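Residue numbers (this note's numbering): 79 to 445.
Laid out in structure tokens, this is it:
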């Protein structure tokens, strides 16, 4: 475990975290100190607390996303190698295929992975990656090894940063896709652009029934979303990188406008939806998001910690930070079939301070 000098913050600053850099990076901007905001809802920590992390896999190269197969093994994407890795709960891992057409660069590369809700019959997985001219989602055959891929969503804007990239199947069995605005802020408010959005599509990539604008767009006004999670009532939440001031967790609802670039953080302006929770700079850059034991769990890149946010009927309580700087940059978090959390570090991404066994997948028990 790394050893760093840690400065303890006051209780008020526990609501604070970092945003991404003014130039649009995902966790290396300069320090800014706007006044902290508070989360609504209960002040106590709910959902228990995490136990001591145990390394499940070591020696990976920028693991970006984790998705579990029905048997309990996990599929992990490596951003810069374009390799798909299979990891067992006992700690064995192997590369099971290289995704064709991936062109890594900046924050782009092989990003999200999702397993079909009908995997037992269709043996399909889904991947989000940066190609030569766009970001795209493909459906792939997987039965122990990566098979043929088929593009189902193309034309998502790509850039050196702000490529979004998280994909998850929701309780409705629709595929939700997060995209960034690639630094072109005008894309976020354009309902006909796929950039700066959360998309909702069928398993074939078509606009899902009930979408608000008759296209693939579910919500808009986003800067760069990299985390999605649903609570026990089916409510959707998303993490979002801010620019100079505020990172966010948003409660995502059909057709709503989340403000970027007109509003960063809480604006209280008509027509825009304020975040559920914000952090100030230096303590977050929230990427992956999971829900377990009554809390949201947000993996922080620049903040180098795991944030626990208790929920009470969809309202956020006081966040608690875990593992401050102990494992470096945290990119992905997902609940494992046994109820624990799996975390992926991102210290080999050019912005971290790699330990000899980085990058790692960590198993975190919840008690």
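Cβ coordinates follow ideal geometry from the N, Cα and C atoms, glycine included.
None of these values were measured; they are calculated from a predicted model.
Pairing residue 203 with residue 192 gives a Cβ-Cβ distance under 8 Å. Residue environment for residue 365: buried (at least 16 other C-beta atoms within 10 angstroms of its C-beta). Ranked by Cα distance from residue 182, the options 412, 331, 238, 367 are led by 238. Judged by their CB atoms, residue 431 and residue 423 are not nearer to each other than the 8 Å cut-off. DSSP places residue 390 in the uninterrupted beta strand (DSSP E) bounded by 384 to 390. Selection 392, 300, 249, 371 evaluated against residue 262 yields 300 as nearest (Cα-Cα).
Between residue 385 and residue 394, the gap from beta carbon to beta carbon reaches 8 Å or more. Here residue 329 is buried. Its C-beta has 16 or more other C-beta atoms within 10 Å. In chain order, 197, 198 place their CB closer than 7 Å to the CB of residue 148, counting only its own chain and leaving out the 5 sequence neighbours on each side. In the structure shown, residue 365 falls within a strand segment according to DSSP collapsed to helix, strand and coil.
Of the other Cβ atoms in all chains shown, 16 or more fall within 10 Å of the Cβ of residue 307; this residue is therefore buried. Residue 235 is classed as buried because its beta carbon has at least 16 other beta carbons within 10 Å across all chains shown.
Ranked by how close their Cα comes to the Cα of residue 156, the residues 439, 445, 443, 444 have 439 in first place. Taking a C-beta distance under 8 Å as the contact criterion, residue 426 and residue 140 qualify as a contact pair.
A Cβ-Cβ distance of about 5 Å is found for the pair residue 412 and residue 368, placing them in contact under the 8 Å criterion. With distances taken between CA atoms, residue 410 lies nearest to 374 out of 398, 374, 349, 270. Considered as a whole, the segment 165 to 239 harbours 197 to 200 as its complete alpha helix (DSSP H) runs of no fewer than 4 residues, in chain order. CA-CA distance, residue 259 to residue 274, rounds to 4 Å. The C-beta separation of residue 298 from residue 241 comes to about 17 Å, leaving the pair out of contact by the 8 Å criterion.
Nearest to residue 313 by alpha-carbon distance, out of 228, 415, 354, is 354. The beta carbon of residue 231 sits closer than 8 Å to the beta carbons of 214, 215, 255, 272, 277, 279, 283, 294 from its chain, once the five residues preceding and following it are set aside; these are given in chain order. Straight-line measurement puts the Cα of residue 177 at about 27 Å from the Cα of residue 296. Check the Cα spacing between residue 292 and each of 208, 309, 311, 269: the tightest is with 269. In this structure, residue 445 places its C-beta atom within 8 Å of the C-beta atom of residue 127. The C-beta distance from residue 419 to residue 370 rounds to 6 Å, short enough to fall under 8 Å. Judged by beta-carbon spacing, residue 318 lies within the 8 Å limit of residue 325, meaning their Cβ atoms are closer than that value. Taking the Cα positions, residue 152 is about 5 Å away from residue 165. In the DSSP secondary-structure assignment, residue 441 is bridged to 132, 420. Residue 401 places its beta carbon less than 8 Å from that of residue 131. The continuous stretches of beta strand (DSSP E) do not include residue 138, and DSSP gives it neither H nor E. Taken in chain order, the complete beta strand (DSSP E) segments of 3 or more residues contained in the segment 312 to 383 are 314 to 318, 325 to 330, 355 to 357, 364 to 370, 373 to 378. The criterion of a C-beta distance shorter than 8 Å is not satisfied by residue 150 and residue 168. The residue among 180, 186, 252, 248 with its C-alpha nearest the C-alpha of residue 229 is 180.
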